[in-house]
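To start, the structure itself, in structure tokens.
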Amino acid sequence: MTTPTVGIFGLTGCAGDQLVILNCEEELLDLVGLLDIRDFAMAGSDNDQSCPLDLALVEGAVLSSQDEATLRAIRRRTETLVAIGTCAVWGGVPTIDRQFDRAALVADVYGRTGVHFDTAPARALHDVVDVEYNIPGCPIEKHELLSALASLLHGDPPLLPQCPVCAECTMRECACVLTVEGRTCLGPVTAAGCNARCPALGLPCIGCRGPASDVNVESARRLFQARGTDAQLIAQRLATFAPTGGALSPKGEHHAHDDPH
Amino acid sequence: MPTTIRIDHVTRIEGHAGLTVELLDHRVGTVQFDVSEGARLLERLVKGRRYDDVAPIVSRICAICSVAHALTALKATEHAFDVHIAPSTETLRDLLVRGQNIESHALHLFLLALPDYLGYPSAPAMAHEHRDVVTRGLRLKRLGNVIQEMIGGRAIHPVNVVLGGFATYPTTDQLVDLRDELRRGLDDCQAVMPVIASLPDVEPCPGITTFAALQGSDEEGYYSADTIVLERDGTRTRFPAVAYHALTNETTVRHSHAKHSSFDGGPFMVGALARLSLNADQLSRLAVDAMHRIGLTLPTRNCIDNNKAQFVELMCDTEHALHTVERLLEVEPEWPGSPTIVPRESTGTAVTEAPRGLLCYSLSFDDAGMVTGADVVTPTAINAACIEEQVRWVAGHRRSRDTTELTRRCEMILRAFDPCISCSVHVVQ
């Protein structure tokens, strides 16, 4: 097994997924022995910005023509591109902008200066380039990142759970936040992998990992509505971390079976 | 001959920022700290959302400061709806804020800033010859994350913080484990202190004239204090935190997605150095001793001293967190139940100290509790004008024509402010 050349990049985002990499405090010094990290601007200053890469980990959403150019350049130089974090996988919280008129938002915020800014509606990586693997999470879970890296080092595809948060919640035997407490918990439609972090604390899932595969968003919507939650609130919450509740294949293609409203 | 120093992407900081310094024959031309991070407009995107959706959305402004954003938004919402906060909740929130500070300062000191001083491109590269300090630095960083996970429910983007308190409270077993980790943390601080003390002196940059921070005793410190103090050339001005607009007079500039702040037309510095400088008379013995041992003398006008100030805070926050946990173990507090939230048409304001300095929130709601307006002023946005001022000073006082050395110094100055670029891109109204 040769040491793969790796680049770690951030487009527009909170840097939380790169921070999760740096938060592997106990593993970090071993990781840098297993990966030949050539380009990681957040952590080092001797970056090679043009060498070919075996693996690129990219966080953040595409929000400007500069982001798009950066992403296309990364795609050209890497064998494997992995989207890390819900912004990269789905567009994340910035895609709430789809519920507004983007130009009006920018004008609202920056006034007349705003017309000079390089800014565009939020997009996920797979909206712009081909993506080999998607690791969702806001932020990504440390254990998922490490196990995905271990798989990739062995030439295997990362194994990520396909089930919704409800499956993990049931395994942990948590009291159901939705049926017992009647709160709008997005566990039924959200990708697992967090071990039901929020429901285990008695809190509703807010969908930060984006939709699970093959979920029935319409059914969940009806369930929430039947329990008296306002339709507008349901729509806003379903579209907080991903613009709509479709499912995503590992290649980044949408399986649309959900209306966008 | 005029020359321009242009750094497209400053490394070892959080986010995307560049620096342009135009060197003319006898003066410095344009100096621009360019924040090119895309505009996510998050504070605008919370408009029309229900009050309990705000903290989870705004915490995404920045991962490193996500606790500060979530807690300040909650504090502003609680102010708007007049929600009573139990003293035990305040204690636990303060502990969480200390955890955030420990993580953030350790990250900056050991992973981002120290390689500059010791001549390495990164912390892992430094680890070959300085394994002990890197290992202890990473352990301190982890300690901050242990606190954030235990109290906040997650190291980044806390989930356990809710209006009025917390969803769940720590168990005695958890607190005992944390106490032991904090004791080890204090040992780690002591062990790395000689390294911090022996850092090669960098040419000082004696240009800071104005500092601002929340003023309060060590007990209320970062979270509960509600008076902002600003000191310019030894003269102090005090503002109630709710009147933060008087201080952070923001304007938009074309070269940056961060708005610039000024007070009476002059930039000011916020962050660890400002906090220590403005609360110098209230520092603990540990802080005074640490300052003496690492060679930090107050008052100072040298922004690079912010690195040393962060070390002093790292140590004091660890000690403070240890005392808090010991007290919680001595007298198990009565944790509050969930308060009833009654939304009303109102505006709430809150100011706290994020790791990089003052973080100001103002949130307006209608009578159904839907957000009608949000204003957020972040520390890096406040510091942006100050960074440009300091870089201009250094460029103006350069002794050699060698731009390599000047570039390195400008980068060190910029890093000393520990800028958080995700934070700096934000929205008003």
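For the record, the sequence lines run as chains A and B. Under the working numbering, the first residue of the first sequence carries the number 12, and numbering increases by one thereafter. Under the working numbering, the first residue of the second sequence carries the number 747, and numbering increases by one thereafter. Note that CB positions come from ideal geometry on N, CA and C, so glycine has one too. In this text the structure is predicted, and so the values were computed from the model without any measurement.
Supposed close pair residue i, residue j - CB separation, criterion 8 Å
i, j, result
"I803(B)", "V104(A)", "6 Å"
"S1084(B)", "G910(B)", "6 Å"
"T89(A)", "P254(A)", "Actually they do not touch by this definition, with Cβ atoms about 26 Å apart."
"P63(A)", "T16(A)", "7 Å"
"A1067(B)", "L817(B)", "Rounded, the Cβ-Cβ distance is 16 Å, inconsistent with contact."
"L214(A)", "A913(B)", "5 Å"
"I810(B)", "E760(B)", "6 Å"
"A135(A)", "V100(A)", "6 Å"
Proximity below 9 Å, CB of residue i to CB of residue j
i, j, result
"G218(A)", "L249(A)", "yes"
"H762(B)", "E789(B)", "no"
"T1203(B)", "I954(B)", "The question about residue 1203(B) has no answer here: the residues shown for chain B are numbered 747 through 1175."
"E1059(B)", "S1023(B)", "no"
"C98(A)", "A80(A)", "no"
"A958(B)", "L993(B)", "yes"
"A1020(B)", "Q1056(B)", "no"
"Y1232(B)", "R844(B)", "The displayed coordinates of chain B run from 747 to 1175. Any statement about residue 1232(B) would go beyond what the structure contains."
"K887(B)", "L33(A)", "yes"
"H825(B)", "A1120(B)", "no"
"R1138(B)", "V774(B)", "yes"
"R183(A)", "A211(A)", "yes"
"L1104(B)", "T823(B)", "no"
"V907(B)", "V813(B)", "yes"
"A808(B)", "T1098(B)", "Note that residue 808(B) is Cys in the sequence shown, not Ala. Contact: no."
"L92(A)", "V31(A)", "no"
"L765(B)", "Q778(B)", "yes"
"L864(B)", "G883(B)", "no"
"R1102(B)", "V1016(B)", "yes"
"V117(A)", "A1127(B)", "no"
"A1131(B)", "S1170(B)", "no"
"L22(A)", "V69(A)", "yes"
Any chain B beta carbon closer than 9 Å to residue i
i, result
"P105(A)", "yes"
"T23(A)", "yes"
"E37(A)", "yes"
"G27(A)", "yes"
"I19(A)", "no"
"N206(A)", "no"
"H272(A)", "With a pLDDT of only 32 at H272(A), under 50, the local geometry of the prediction cannot be trusted, and no value is derived from it."
"M182(A)", "no"
"T14(A)", "no"
"T89(A)", "no"
Close Cβ partners of residue i (< 6 Å) along its chain, the five nearest in sequence each way excluded
i, result
"G263(A)", "Reliability of the predicted coordinates at G263(A) is poor, the pLDDT of 42 falling under 50, and the value obtained from them is presented with this limitation in mind. Excluding positions up to five away in sequence, the list reads H137 and V142."
"A819(B)", "V800, A801, V804 and Y1107"
"T983(B)", "L976"
"P277(A)", "Because residue 277(A) is not part of the residues shown, which for chain A are 12 to 272, the question remains open."
"V905(B)", "G899"
"D972(B)", "A987"
"A67(A)", "G18, I85, T89 and L92"
Nonlocal neighbours in the same chain, by C-beta distance under 7 Å from residue i, ignoring five residues either side
i, result
"S287(A)", "No answer is possible for residue 287(A): the residues shown for chain A start at 12 and end at 272."
"D979(B)", "T955"
"V1140(B)", "C951, R1155, C1156 and I1159"
"S834(B)", "P1079, E1080, W1081 and P1082"
"E152(A)", "G204 and C205"
Sequence-distant residues of the same chain with beta carbon closer than 8 Å to residue i, five excluded per side
i, result
"Q920(B)", "M896"
"E927(B)", "L889 and V892"
"P867(B)", "P861"
"A943(B)", "R1039, I1040 and G1041"
"H272(A)", "Since pLDDT at H272(A) reaches only 32, below the 50 mark, its modelled position is unreliable, and the value read off the structure follows with that caveat. Hits under 8 Å: A246."
"D65(A)", "P15, T16, V17, T89, E90 and T91"
Chain A within 9 Å of residue i, Cβ atoms only
i, result
"R796(B)", "yes"
"T1206(B)", "The requested residue 1206(B) does not occur in the structure, where chain B is confined to residues 747 to 1175."
"S1168(B)", "yes"
"S1110(B)", "no"
"F752(B)", "It should be noted that the sequence gives Arg, not Phe, for residue 752(B). Not closer than 9 Å to any Cβ of chain A, the Cβ of R752(B) fails to qualify, so no."
"R1102(B)", "no"
"K887(B)", "yes"
"V843(B)", "no"
"S834(B)", "no"
"I694(B)", "The question about residue 694(B) has no answer here: the residues shown for chain B are numbered 747 through 1175."
"T824(B)", "Note on residue identity: the sequence assigns Glu, not Thr, to residue 824(B). No, E824(B) does not count as interfacial toward chain A."
"D780(B)", "no"
Cβ contact check for the stretch 228–242 of chain A and the stretch 1112–1132 of chain B: 3 or more pairs under 8 Å: no
Taking 8 Å as the cut-off, does the stretch 107–117 of chain A touch the stretch 154–174 of chain A (at least 3 CB pairs, one atom from each stretch)? no
Validate contact between the stretch 51–58 of chain A and the stretch 81–92 of chain A using beta carbons, cut 8 Å, 3 pairs: no
Below 8 Å, can you find three or more Cβ-Cβ pairs linking the stretch 867–881 of chain B to the stretch 834–853 of chain B? no
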